[in-house]
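Notes to accompany the following structure.
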Amino acid sequence: MNTNKFLTMLAISGTLFISSCSDDDDNPDPANEGELITTMTVTLTNSTDTSDTVVMRFFDEDGENGPTEPTPTVTGTLKASTTYNGSVAVLNESEDPVEIVTEEIQEEADEHQFFFITDDLGITTAYTDNESNYENAEGVAFTSTNPVGLTFTLTTTDTTGDVALRVVLRHELDKDASGVAEGNIANAGGSPDIDWTFNTSVE
Amino acid sequence: MKRHTWLLVLILGINFISAQECEKTLSGKVIDFHDGVPLEGATIVFNNRKIVTDASGTYNIEGLCPTSYAFTISHEKCNSQVITIDVSKTSTKDFYLEHHLNELAEVKVAGATTETNSSQEETISNDVIEKYSSASLGDALREITGVSSLNTGSTIVKPIIQGLSGSRVMIINNNVRMQDMEWGDEHAPNIDINAAGSVTVVKGASALQYGGDAIGGVIIVEPNRVPAKDTLFGKTVLTGATNGIGGSVATELVKGYENGWFFKIHGGFKRFGDVETPDYILSNTGISEKSASLAFGVNKFTSGWDVYYSYFDTEIGVLAASHIGNVDDLINSINNQQPDIIRDFTYDIENPKQEVTHHLGRLKYFKRFEELGKWSTQYDFQYNQRFEFDIRRTEELRSKPSLDLELTTHTITSDFSFDAKADYSLKTGILLRYQDNFADPSTEVRRLIPDYEKYDAGAFVSGEYFASDNLTIDAGIRYDFNKIDAKKFYLISRWEERGYNNDFSDIIIERARGSQFLTNPVFEYHSLSGTIGAQYTFGQDNALKVNYALSQRAPNPAELFSDGLHHSAARIELGDLRIDQETSQKVSISLQKNTEKWGYELAPYANFINDYILLEPTDVELSIRGAFPIWEYRQTNARLLGIDAKLYINWLDKWRTDHNFSLVKGQETDNDIALINMPAPNTNNKITYHNKEWKDLTISLESQFFFRQNEFPPNIEVFSIDADQDVLLEINTPPDAYHLLNANADLKFALGTKSNLKVGVTINNILDETYRNYLNRQRFFADDIGRNFLLRLSINY
């Protein structure tokens, strides 16, 4: 190979180098956080008095990546020996418009399940929905009937005192594992999307 | 080619002939560098005189004048090259010819076969590379004393040199510095080991021609060279392994011509399913790897050029059980001692997984100038694409990578090596580099590493002075400039929590949606590195090397900018814009003896690093998914003290034992806290039987003992939702000591006159020992892999 050829080669590579250096001042777009949850609201409505509600709200304004501590708030207190109808709403309020994560969970109802866990005061919970209540992204209702937990009931006993209610949402869990359909998390597996404990009381 | 050589010899010869007292002698041996066998019939030519070695490889030249001579040493199947020796200073010299079958034999003067003069270094040869054909570069390098690895499972293996890894270890592949996002703990080098002819590890920053920031060391991967003669040869290596039920195939074909032209092509494929421990399957630990390379060019003695391109593509499963949701999952994993996901064996690779592609292209030209030296210049291009897939909330999200980075690098280097003088050599060069990182936001995950552009420029001078027959002094100095220009989004809450609003308010470009600042950090670093050292040989077979190396390393993008939840590791990693360069001063000594009967090397070192950058768990942060450990980068002054020791003894004709030991102690100097992730002391002892007469049979049994790492930083307290209280998270506690027994056997069969077949069998972890390795990031979740049988067929043709 002669020197001329080599110089040509060098010139080409040099041009590549320089052209690739040209600075473009385009600013990048912020990533749209598809998985972020900022807000979860668990609403408990007295089954005999719809004006009596307990609202438990989790709010983390900067999401799981941010240093701001989440703020849980509970309004109202539970009454003894009462059954409440519960519902869960999950949002991503960092997006505009607000992303309703609950819809996403409904669309993949067969892969998600909530668990409501407490050891306190003999409180019991039970699912009141199942997968066939929801439609997938194509608008076709599920035919399977495992619980999802977007709605549920919570029943207090006559014991009063403090209550810690842990709310867990898992995806890709084993819904057929022993006890899972009854709300027992022990064998569920999967990955958590939500794992938060609210503190309230029965009066 | 031959004509040029003769011309050179003639010119040098004429210059040197004068009316001096010509009674000097030069004697020694010509030895096969590959196996140390003396070569009969090798010729040494100078000034129209020709001397041929006898049956013991010995030569003796009389009637030499006390001046420099250019000797041309050759042996059949080898290319001639010229070595200049000052006969007034030197009276004995052994010449080493690399004498691989069919491959270029390079003439190397004893002691000059290394990358540096006075650094601790070691090379692994073709045999070892073949043994690790189905494994990775990092696995093979562990054969070298003082080299360990930081693993993520068994397939992601990052080399650690004397306690340091990541950006502190530079990898030079075919004379190109790999730019493959080496900053991440779970980012392994994107190199197919089968494409390498030899791999050399320099344990320190002394190889200044490659860069100045290799505080840990340099790994130099060199291909086999092609001889300038009419030849066609190739090699195919097939390996099968029982653990992971898979294997690899690698093949290489080389065509050389007398006029210097050559073509070379290489391809490799590797496929494994889930590997297993003695007790269970490690689900989702399969790997699929493809690689190919092509090279052609002209390689003459006086000039040459070549074009090289290589492609590497890998898909690696990450242990299913290592995906954890929050700190309670981590606590459970550590306590349970058993992974919570064990599925049936499969070849399928599911999320979490990595998919990495690396393209490397190179154009190189060199020219030799008579009585002056050699000028080389090179342009290289690299493109690295990394995807990491995680277990995410919805099906749609799972099909998208959580991390999508594209790193493009262009580099021009040019250097001149002045090697014509007998008593000194000098090398000088420059480097220009441009790098662009693009983080794709379509992942729907906040960028862990931002978009950035990086500019590097460097220049170096290094030299060796051959003070006497047995003393060589080396010194070098290098300057590097780095500029990084990033565009990064910060959550305003994070920006304030880091205190950047006071120090960096001028870099904010705009306020973006989602309560974020878009910022434009621009940092410049000036780094100075230098080295000085000496090698002294004494007695028959002893050498003493002493080296001092000063090295400065600018922070990498992860150390500066990491920001966010690393889903696959379930931890929040936080860089710091304030992080500055780290400066290392390392003194290393190597005392060695190499005889036929026995030999040893004692290699102590002390590495003092100012502003050492480390990543450690500091706290936990609460989120709706529970608590996540925060890992933060921090700078401190550190001290690494260690020793690598080796001993071999040839007991009898056919029996040999090898004994290695390495120890490193890393500590923060200000507060006496141990550094995180320091390799535990370990010792390897091996007994080998080798019978040359019978099919070149080699059988060896190796014992590897890994002590427990008793020096580690304190654990952290975290709040556990499950336990409803603060608990100690034993994230730093190392696992127990362990002992592994491995065996290997090789046989060689001739296939016709030119070809041969080597058959090798290896059994790793013969005793099926259950163990965990401190330097495996999956040690929290599962045991390391159990017994493994490997069968290897290597055909040379």
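Chains as they are written, first to last, in the numbering used here: chain A, -14 to 188; chain B, 157 to 953.
Glycine included, each C-beta is placed from N, C-alpha and C at the ideal position.
Quantities reported herein were computed from a predicted structural model and do not represent experimental measurements.
Show which residues of chain A have a CB atom less than 7 angstroms away from the CB atom of Glu777(B).
-> Pro52
Quick one: Cα of Glu18(A) to Cα of Ile640(B), how far?
-> 26 angstroms
Gly19(A) at chain B interface by Cβ criterion, 9 angstroms = yes
Identify the contact partners of His479(B) in chain A, using a Cβ-Cβ distance below 9 angstroms as the criterion.
-> Ser176
Flag Arg669(B) as yes if its beta-carbon sits less than 9 angstroms from any beta-carbon of chain A, otherwise no.
-> Closer than 9 angstroms: yes.
My understanding is that Thr128(A) touches Ser117(A), with C-beta atoms under 8 angstroms, so please give their C-beta distance in whole angstroms.
-> 6 angstroms
Residues of the segment 411 to 434 of chain B whose Cβ lies closer than 7 angstroms to any Cβ of chain A, in chain order | none
Select from Asn912(B), Tyr761(B) and His682(B) the residue whose C-alpha is nearest the C-alpha of Arg795(B).
-> Tyr761(B)
Indicate whether Ser746(B) and Ile371(B) have their beta-carbon atoms separated by less than 9 angstroms.
-> no
Give the interface partners of Ile22(A) over in chain B, defined as CB-CB distance under 7 angstroms, in chain order.
-> Ile780
Establish whether the CB of Gly48(A) and some CB of chain B are separated by less than 9 angstroms.
-> yes
Count the other C-beta atoms from every protein chain shown that fall within 10 angstroms of the C-beta of Leu29(A), then say buried if there are 16 or more, exposed otherwise.
-> buried
Which residue from Pro773(B), Gln365(B) and Asn380(B) puts its Cα closest to that of Val374(B)?
-> Gln365(B)
Taking the continuous beta strand (DSSP E) assigned at Ala296(B), which residues delimit it?
-> Here Ala296(B) belongs to no beta strand (DSSP E); instead the alpha helix (DSSP H) covers Leu293 to Leu297.
Do you know offhand how far Thr23(A)'s Cα is from Ala668(B)'s?
-> 18 angstroms
Any chance you could list the beta strand (DSSP E) runs of at least 3 consecutive residues sitting entirely within the segment 768 to 809 of chain B, in chain order?
-> 782 to 806
Quick one: using the 10 Å Cβ neighbour count with 16 as the cut-off for buried, is Ala705(B) buried or exposed?
-> buried
How big is the Cα-Cα spacing for His97(A) and Ala166(A)?
-> If I take the Cα positions, the gap works out to 12 angstroms.
Can you tell me whether DSSP reads Phe717(B) as helix, strand or coil?
-> helix
In the segment 396 to 434 of chain B, which residue ranges form an unbroken beta strand (DSSP E) of at least 3 residues, counting only runs that do not cross its ends?
-> 402 to 412 and 417 to 428
Just the chain B side, please: which residues come within less than 8 angstroms of Gly157(A) by C-beta, in chain order?
-> The sequence shown places Glu at residue 157(A), rather than the Gly named in the question. By Cβ distance, chain B contributes Ile547.
Report the option in Asn131(A), Gly146(A) and Ser163(A) whose CA atom is closest to the CA atom of Lys64(A).
-> Between Lys64(A) and the set Asn131(A), Gly146(A) and Ser163(A), the nearest pair of CA atoms involves Gly146(A).
By Cβ distance below 8 angstroms, which residues in the same chain neighbour Leu106(A) in space, the five residues on each side in sequence not counted?
-> Thr141, Thr142, Thr144, Thr145, Gly146, Val148 and Val187
Where Thr839(B) and Leu819(B) are concerned, what is the direct C-alpha to C-alpha distance, given to the nearest angstrom?
-> 9 angstroms
Find out if the Cβ-Cβ distance for the pair Glu432(B), Gly400(B) is shorter than 9 angstroms.
-> yes
Looking at the structure shown, is Gln318(B) part of a helix, part of a strand, or coil, going by DSSP?
-> coil
Phe100(A) vs Arg42(A) beta-carbon contact at 9 angstroms | Not closer than 9 angstroms, so no.
Minimum Cβ-Cβ distance from Gly720(B) to chain A less than 9 angstroms | yes
Would a check of beta-carbon distances place Arg151(A) closer than 9 angstroms to chain B?
-> yes
Please specify which runs of the beta strand (DSSP E), each continuous and at least 3 residues long, are wholly inside the segment 871 to 900 of chain B, giving them in chain order.
-> 872 to 876 and 881 to 885
For Arg650(B), return the contacting residues in chain A, with the cut-off set at a CB-CB distance below 8 angstroms.
-> Asp47, Asn50, Gly51 and Pro52
Tell me, please, whether the CB atom of Val601(B) is closer than 9 angstroms to any CB atom in chain A?
-> yes
Who pairs with Thr564(B) in a beta bridge, going by DSSP?
-> Tyr539(B) and Asp592(B)
Euclidean distance between Cα positions of Leu154(A) and Ile170(A) | In a straight line, the C-alpha of Leu154(A) is about 10 angstroms away from that of Ile170(A).
With Gln741(B) as the anchor, note down where its alpha helix (DSSP H) starts and where it stops.
-> Looking at the DSSP string, Gln741(B) is not in any alpha helix (DSSP H); the run it does join, the beta strand (DSSP E), is Glu738 to Asn750.
Establish whether the CB of Gly643(B) and some CB of chain A are separated by less than 9 angstroms.
-> As written in the sequence, residue 643(B) is Lys, which differs from the Gly given in the question. With 9 angstroms as the cut-off, Lys643(B) counts as an interface residue toward chain A.
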